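J.:
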Amino acid sequence: MVESLNTKVEMVIDGTSYMGLGDYGKIMVGDKAFEFYNDRDSNKFIQIPWEDVDLVIASVMFKGKVIPRYALQTTRNGTYKFSSRHPKAVLRAIRNHVDADHIVRSLTFFQVMRRNLKALFTRRPRSRKQKQQ
Numbered sequence: 001m002v003e004s005l006n007t008k009v010e011m012v013i014d015g016t017s018y019m020g021l022g023d024y025g026k027i028m029v030g031d032k033a034f035e036f037y038n039d040r041d042s043n044k045f046i047q048i049p050w051e052d053v054d055l056v057i058a059s060v061m062f063k064g065k066v067i068p069r070y071a072l073q074t075t076r077n078g079t080y081k082f083s084s085r086h087p088k089a090v091l092r093a094i095r096n097h098v099d100a101d102h103i104v105r106s107l108t109f110f111q112v113m114r115r116n117l118k119a120l121f122t123r124r125p126r127s128r129k130q131k132q133q
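Start counting the sequence shown at 1; every next residue gets the next number (full-length UniProt numbering).
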């Protein structure tokens, strides 16, 4: 069995991890880490200490009325995406351990499209090899 990193648990809620296919399980927010434990397979778990969390990215829709999913970006291992039944409560619990300026909104669909189109049509400076030819 897996041993928890937390000594005190603040919140336990049903959630989904989006590592590969969606895995259902329990999300645990505690004093030392953010943890996810799979319901079916006890070997599938995610433990992220608060020291490793760089950003918390929330996907916000309808001016903050709906938060379908959120992600924890770590300093070492990339981004972990989750959703839960009550995401606002989970984000409030996370806010106790992560600075408020490290909790950000994700880009909207149109912001991503605008960024990609801008990058596609802006001129890039030529490299030295292309100038010599």
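The beta carbon of each residue, even a glycine, is placed where N, CA and C say it ideally should be.
Note that the structure is predicted; figures quoted are calculated from it, not measured.
Just checking, does the segment 34-53 make contact with the segment 114-124 on the three C-beta pairs under 8 Å criterion?
T.: Flag = no, the segment 34-53 and the segment 114-124 do not touch.
J.: Give me whichever residues DSSP pairs with S83 in a beta bridge.
T.: For the purposes of this step, residue 83 is taken as the residue at position 83 of the sequence shown. Answer by DSSP bridge pairing, in chain order: T16.
J.: Can you tell me which residues form a DSSP beta bridge with A71?
T.: The residue labelled residue 71 in the question sits at position 71 within the sequence shown. Looking at the DSSP assignment, A71 forms a beta bridge with I57, K81.
J.: Would G22 be called buried (16 or more neighbouring beta carbons within 10 Å of its own) or exposed?
T.: As a working mapping, residue 22 is identified with position 22 in the sequence shown. Answer is exposed; the Cβ neighbour count stays below 16.
J.: Take the Cβ of Y37 as the centre, count every other Cβ of all protein chains shown within 10 Å, and call the residue buried at 16 or more, exposed below.
T.: For the purposes of this step, residue 37 is taken as residue 37 along the sequence shown, with counting starting at 1. Classification for Y37: buried.
J.: Would you kindly check if the distance between the Cβ of I57 and the Cβ of A71 is under 7 Å?
T.: Residue numbering aside, residue 71 sits at position 71 when the sequence shown is read from its first letter. Residue numbering aside, residue 57 sits at position 57 when the sequence shown is read from its first letter. Yes. Within cutoff.
J.: So for D31, helix, strand or coil by DSSP?
T.: Looking up residue 31 in the sequence shown gives position 31. The answer is coil: DSSP assigns D31 none of H, G, I, E or B.
J.: Just grab the DSSP bridge partners of V66 for me.
T.: As a working note, residue 66 is residue 66 in the sequence shown. V66 is bridged to M61.
J.: Between A93 and L120, what straight-line distance do the alpha-carbon atoms span, to the nearest angstrom?
T.: Locating residue 93 in the sequence shown gives position 93, where the first residue counts as 1. Locating residue 120 in the sequence shown gives position 120, where the first residue counts as 1. Computed Cα separation, rounded: 40 Å.
J.: According to DSSP, simplified to helix, strand and coil, what is K44?
T.: Position 44 of the sequence shown holds residue 44. If DSSP states are grouped into helix, strand and coil, K44 belongs with coil.
J.: I need the straight-line Cα distance from H102 to S84, nearest angstrom please.
T.: The residue you call residue 102 lines up with position 102 of the sequence shown. The residue you call residue 84 lines up with position 84 of the sequence shown. Answer to the nearest angstrom: the Cα atoms are 20 Å apart.
J.: Which of helix, strand or coil does DSSP assign to K8?
T.: The residue you call residue 8 lines up with position 8 of the sequence shown. Note: K8 maps to coil in three-state DSSP.
J.: On the DSSP letters alone, give me the boundaries of the beta strand (DSSP E) that R115 sits inside.
T.: Within the sequence shown, residue 115 is the residue found at index 115, counting from 1. From DSSP, R115 is part of no beta strand (DSSP E) but of the alpha helix (DSSP H) over 109-121.
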